[in-house]
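Read through the structure below, which is laid out as structure tokens, and then see the notes.
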């Protein structure tokens, strides 16, 4: 990349972010609440011995011994850090944990809505000015609209939200109409391209591999088996994005049907094809796998990670998405899968689900700044996400460094074999 | 609760019950501390919460230790009471024995005296 100038990135979530699993917090709080009740009950029962007349009367025969016992028991129950205090403390911890869980839940809901709304409306005046300038300069309404959307992509979140979101009635109805059939996978042989034969050394190299596959045939993916110096293996799977916008039934898994189903978090023939290709490439549950997807491919990657982890079929340790709307499904990604979501700030597509990515320790969302002024260029892997990946490599952000550090085993291979597979949709 | 236990075994039984409570408190402290560490919440607030939970768990173990101390004190007290009661019983038994012998001797003496005066 000649003349490359690193651009700053904004990061949300990741290792430096907040992790709060509401259900787990409430479950723990319940346990603490029960402990407070049980410990308080025990303390009450033991207080009975302080007032026991039998023990008092036995003091007639050993007053010092009886007083000693009473003092020890009173200290255990009511002294500093005694059982009564402990019961109250666990009760307070119960309340604290429940309150925190409720606050996080409310904040997450508010944050997603407010983030989109505020960003959308704050950027609207500047976007309108830029759009007006474009119209005045070129006289093109399409160009002005292009400028408006790329300058304020969060408007799309608002528009989708107004229609009930991607899981609303409209989206559900549309996805039901787009029949997905089932996947057929053909072997495409080993890729001898020098770029495909070079092991990646950084995120930009990983993105370059995805870009290479994105310019191949419709439905072509690849499985890169990396072999390290100690003989251990790691696997990268490249999943390109949409190549056909044909809304009619067709055999191309990279067409509209996959988009609509994937954005709503439904399984797709594309996903099943990816899993079959991995199996044919000899990937085993012992191999660490990184799924890399652009646009629609990123949605498929996330859904594949969720399903493969649930079934135990493969060990998906990392997912990298570029320009993918994964906000509606990312919260379902298991905590042991690390997700890095690259979103160009002028790219409309990541907003196609009307949902902001959740702030989780395993989900790092990086906003890159590669604005070219058009919807297509801002979403393009070569023009935007390839330099954006280099921006991420150059970033010193703690969450980004933690992600790249955890993915080191994908960056230090001795050699790589890249096998191609072509996925098509049958019975459509 | 009786005003006076018939023997000190009841005091030892109470000490045993206190120790059982102590064991339960200790086990609960360990379980709660582990659960607090495993709670899937990570933030500055979570770190403060865990520290507080650690303190509460530590206090529980300390309180359990104090309950053990109280139980030990009660056992010691029961042993002392037992020794005092045994000593009192011995003295009482001895006193009664001496009394009976004295009465016998007085009886003998009175009988002899009456014989002497021909009554």
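Chains as they are written, first to last, in our numbering: chain A, 764 to 1191; chain B, 356 to 474.
C-beta atoms are modelled at their ideal positions from N, C-alpha and C, and glycine is treated no differently.
A quick note: this is a predicted structure, and the numbers were derived from the prediction, not measured.
- Nearest CB-CB separation between residue 835 (chain A) and chain B: below the 9 Å threshold.
- Excluding sequence positions up to five before and after residue 953 (chain A), its CB lies within less than 7 Å of the CB of 1180, 1181, 1182, all in the same chain and listed in chain order.
- Note on geometry: alpha-carbon atoms of residue 967 (chain A) and residue 1055 (chain A) lie some 12 Å from one another.
- In this structure, residue 778 (chain A) lies near residue 1166 (chain A), with their beta-carbon atoms less than 9 Å apart.
- If you look at residue 987 (chain A), you'll find it in the beta strand (DSSP E) that goes 983-991.
- In the structure shown, residue 1103 (chain A) adopts extended strand secondary structure according to DSSP, grouped into three states.
- Put simply, the CB of residue 788 (chain A) is near chain B, with a gap under 9 Å to one of its CB atoms.
- The beta carbon of residue 1160 (chain A) sits closer than 6 Å to the beta carbons of 774 from its chain, once the five residues preceding and following it are set aside; these are given in chain order.
- Counting only residues of its own chain and dropping the five nearest sequence neighbours on each side, residue 1147 (chain A) has a CB closer than 6 Å to the CB of 1107, 1133, 1141.
- Selection A:992, A:976, A:993, A:991 evaluated against residue 985 (chain A) yields A:976 as nearest (Cα-Cα).
- Contact annotation: in the segment 430-449 of chain B, residues whose CB is within less than 7 Å of a CB in chain A are 431, 432, 435, 436, 439, 440.
- Distances from the alpha-carbon of residue 834 (chain A) to those of A:823, A:816, A:853, A:812 put A:812 closest.
- About 17 Å separates the Cβ atoms of residue 853 (chain A) and residue 422 (chain B), ruling out a contact at the 8 Å cut-off.
- Taking a beta-carbon distance threshold of 9 Å, residue 818 (chain A) counts as an interface residue toward chain B.
- Fewer than three beta-carbon pairs drawn from the segment 365-376 of chain B and the segment 1005-1015 of chain A are found closer than 8 Å, and the two stretches are therefore not classed as touching.
- Ranked by Cα distance from residue 996 (chain A), the options A:801, A:803, A:1174, A:791 are led by A:1174.
- Contact between the segment 407-419 of chain B and the segment 455-468 of chain B is absent: fewer than 3 CB-CB pairs across the two stretches fall below 8 Å.
- Non-local C-beta neighbours of residue 830 (chain A) in its own chain, meaning closer than 8 Å and more than five positions away in sequence, comprise 822, ordered along the chain.
- Judged by pairs of C-beta atoms under 8 Å, the segment 1066-1079 of chain A does not touch the segment 1012-1021 of chain A, as fewer than three such pairs exist.
- Against chain A, the CB of residue 471 (chain B) has no partner CB under 9 Å away; the residue lies outside that interface.
- Annotated as distal: residue 372 (chain B) and residue 419 (chain B), with beta-carbon spacing of 9 Å or more.
- A straight-line Cα-Cα distance of about 26 Å links residue 776 (chain A) and residue 856 (chain A).
- With its beta carbon at least 9 Å from every one in chain B, residue 943 (chain A) lies outside the interface.
- In this structure, the CA atom of residue 800 (chain A) is about 25 Å from the CA atom of residue 400 (chain B).
- Note on geometry: alpha-carbon atoms of residue 982 (chain A) and residue 791 (chain A) lie some 46 Å from one another.
- For residue 1180 (chain A), there is no enclosing alpha helix (DSSP H); the enclosing beta strand (DSSP E) has its first and last residue at 1176-1189.
- Secondary structure note for residue 1058 (chain A): it is in no alpha helix (DSSP H), with a DSSP letter that is neither H nor E.
- Approximately 7 Å separates the beta-carbon atoms of residue 1096 (chain A) and residue 1126 (chain A); this is inside 8 Å, confirming the contact.
- Using a CB distance cut-off of 9 Å, residue 807 (chain A) does not count as an interface residue toward chain B.
- Contact note: residue 841 (chain A) does not reach chain B at a C-beta cutoff of 9 Å; the least C-beta distance is about 10 Å.
- When C-alpha distances from residue 1089 (chain A) are compared across A:1079, A:1080, A:1116, A:1067, the shortest belongs to A:1116.
- Distances from the CA of residue 1064 (chain A) to each of A:1051, A:1048, A:1081, A:1050 were compared; the closest alpha carbon is that of A:1081.
- Of the residues assessed, residue 1052 (chain A) falls on the buried side of the cut-off, its CB having 16 or more other CB atoms within 10 angstroms.
- Against chain A, the CB of residue 385 (chain B) has no partner CB under 9 Å away; the residue lies outside that interface.
- Under the 10 Å beta carbon count, residue 1114 (chain A) is surrounded by 16 or more other beta carbons and is classified as buried.
- Looking at the DSSP output, residue 811 (chain A) sits in no beta bridge, so it has no partner there.
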